[in-house]
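Presented below is the structure to which this report refers.
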């Protein structure tokens with residue numbers, strides 16, 4: 005059974021070892037404390053559970069796209085630029101693929117596999 009739950013990823017309202025899978029797609033880079041999010045994911049997963057994070061990982065391309073996005077918003081009449089600046093900043097500040105993998109391992113996960121799919 006799949007049940008959607010809205011909540012704070014840094015402090016999940018679930019018991020330890022509650023789930024056999026935890027997924028997050030394009031959201032972890034918007035969290036303030038990625039390390040806390042990963043620790044919570046580990047806490048609520050049952051032993052042997054799966055953590056799956058879908059993120060954009062092509063770091064240099066993301067930086068370029070972030071620059072292009074900011075240029076488009078700044079040079080066109082889309083309205084306010086400030087509300088969208090977080091997109092560019094979250095891209096710039098998110099760890100690269102290898103560092104993100106290390107963060108996942110530091111949270112307690114083992115057998116971490118990182119894949120790039122285009």
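Numbering (the working numbering), first residue to last: 5 to 122.
Glycine included, every Cβ here is placed at the ideal spot set by N, Cα and C.
Note that the structure is a prediction, hence the values are computed from the model and not measured.
Review point. Are the Cβ atoms of residue 123 and residue 118 separated by less than 7 Å?
Key: Residue 123 falls outside the range modelled here, since the chain spans only 5 to 122, and no answer is possible.
Exercise for review: For residue 9, name the three-state secondary structure that DSSP assigns.
Suggested key: Counting from 1 along the chain shown, the entry for residue 9 is found at position 5. Coil, per DSSP.
Check your understanding: Can you list, in chain order, the residues of its chain whose CB lies under 7 Å from that of residue 3, leaving out five sequence neighbours each side?
Key -> Residue 3 is absent from the structure shown; the chain starts at 5 and stops at 122.
Practice item. Can you tell me which of the three DSSP states residue 49 falls into? Key: Stepping through the chain shown from its first residue, residue 49 is reached at position 45. Residue state, collapsed to three classes: strand.
Point to revise | Buried versus exposed, by CB contacts within 10 Å (16 or more), residue 7 | key: Taking the first residue of the chain shown as 1, we reach residue 7 at position 3. That one is exposed.
Check your understanding: Based on the DSSP secondary-structure assignment, which residues constitute the bridge partners of residue 23?
Key -> On the chain shown, residue 23 is found 19 positions in, with the first residue counted as 1. For residue 23, the beta-bridge partners assigned by DSSP are 49.
Practice item. Return the CA-CA distance between residue 44 and residue 90, expressed in angstroms with no decimal places. Key: Here residue 44 refers to the residue found at position 40 when the chain shown is read from its first residue. Here residue 90 refers to the residue found at position 86 when the chain shown is read from its first residue. Their backbone Cα atoms lie some 24 Å apart in a straight line.
**Study point:** Residue span of the alpha helix (DSSP H) that contains residue 103, given as start and end
**Key:** As a first step, residue 103 must be located in the chain shown, where it is residue number 99. Where residue 103 is concerned, the enclosing alpha helix (DSSP H) stretches over 101 to 110.
Exercise for review: Leaving out five residues on either side along the sequence, give the residues of the same chain with a beta carbon under 7 Å from the beta carbon of residue 123.
Suggested key: This structure cannot speak to residue 123, because the chain is shown only from 5 to 122.
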